[in-house]
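> Numbering (the numbering used here), first residue to last: 933 to 1280. We put the CB at the ideal spot given by N, CA and C, even for glycine. Please read all numbers here as calculations on a predicted model, not as lab measurements.
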């Protein structure tokens, strides 16, 4: 008994999962800082006047990605799925050895995942309005509507935060299912580690119902976002097939829609799918164990760096500005198209 207590005292709440898990998010965070700073600068200096308020929305996208990367580096997240339980935990950093503060920080980290969905939704709404309801564009420069949209995005994030904070907190029962895996794989005392998670079977009814409710809520938010973006994207694509406008403006709308589609696909493919896999495999009795730390965790850290590249590379003005600054030898002279044809004054 005494030896068991002595061993527990030696175990720390700080966890070193592996070299890749430890350093990849930091490297992606640094690259995100660099790439998004360049993106914001290019948008500020090289955006056509016909973009109107969308210029500032693009800049806000880059600033949000920098904030996302900051939170990702400060709250170092790990993941483990084994037996009947899926969990997220703080592996190292300033919150790793305080279970209560670390749990709150982990919830904030999860909230940013939802906020990224909200930011995407606002961009799709603007693209829809610019093409299908141009008379509403002035609303995007109206402080009241800007505040309403910001509150909508924050509201979605707060719902996600509350779902994990009030439903997915870990009690002694949940931690008991993870005690052996954490000692075996991380040499850590699970009772000292900030954790949130879900237990699906073989546990008390209260624990299963509470944690599963959190998973259901965040799954609904995720599915709604994907459906909404696909529906709006398809509506815009259909409208572009029949709308009367100059070839230049139509091409710009198509490029912006492609950029948005890629910006949606990137977090969906490298972030959403690995995360859904991580939190659902216990349902089918599959033990992914620490594998999530090399798939979902690293993928979530990567997308803020990859995201702005979609717009830079797809929009000719931004692409030319980027290569002119960083790779002038690769820049091909191209004819500059006018912003709009004569008599056409619609905002892009």
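May I ask you to report which of helix, strand or coil DSSP gives residue 1131?
strand
> Where residue 1122 and residue 1085 are concerned, what is the direct C-alpha to C-alpha distance, given to the nearest angstrom?
34 Å
> Relative to the alpha-carbon of residue 1202, which residue among 1193, 1221 and 1233 has its alpha-carbon at the smallest distance?
1233
> I need the boundaries of the alpha helix (DSSP H) containing residue 1053, first residue and last residue.
1031-1064
> Terminal residues of the continuous beta strand (DSSP E) containing residue 1024?
1017-1024
> Are the beta-carbon atoms belonging to residue 1039 and residue 1097 less than 8 Å from one another?
yes
> Measuring CA to CA, which of 980, 1030 and 1004 is closest to residue 1044?
1004
> Can you give me the C-alpha to C-alpha distance between residue 982 and residue 1185, rounded to a whole angstrom?
12 Å
> Quick one: what does DSSP say residue 1217 is sitting in, helix, strand or coil?
The DSSP-derived three-state label of residue 1217 is coil.
> Label residue 1257 either buried or exposed according to how many other C-beta atoms from any shown protein chain fall within 10 Å of its C-beta, with 16 as the threshold for buried.
exposed
> By Cβ distance below 8 Å, which residues in the same chain neighbour residue 1073 in space, the five residues on each side in sequence not counted?
984 and 985
> Since residue 1193 is in the beta strand (DSSP E), which residue starts that stretch and which ends it?
Careful: residue 1193 lies outside any beta strand (DSSP E), inside the alpha helix (DSSP H) at 1179-1199.
> For residue 1010, write down the residues that DSSP places opposite it in a beta bridge.
1021
> By Cβ distance below 6 Å, which residues in the same chain neighbour residue 1134 in space, the five residues on each side in sequence not counted?
1016
> Can you tell me whether residue 1162 is buried or exposed? The criterion is at least 16 other CB atoms within 10 Å of its CB, across all chains shown.
Answer is exposed; the Cβ neighbour count stays below 16.
> Quickly, what does DSSP pair residue 1101 with across the bridge? List them, please.
1128
> Cutting at 6 Å between CB atoms, please list the residues of its own chain near residue 1127, excluding the five before and the five after it.
1019, 1021 and 1102
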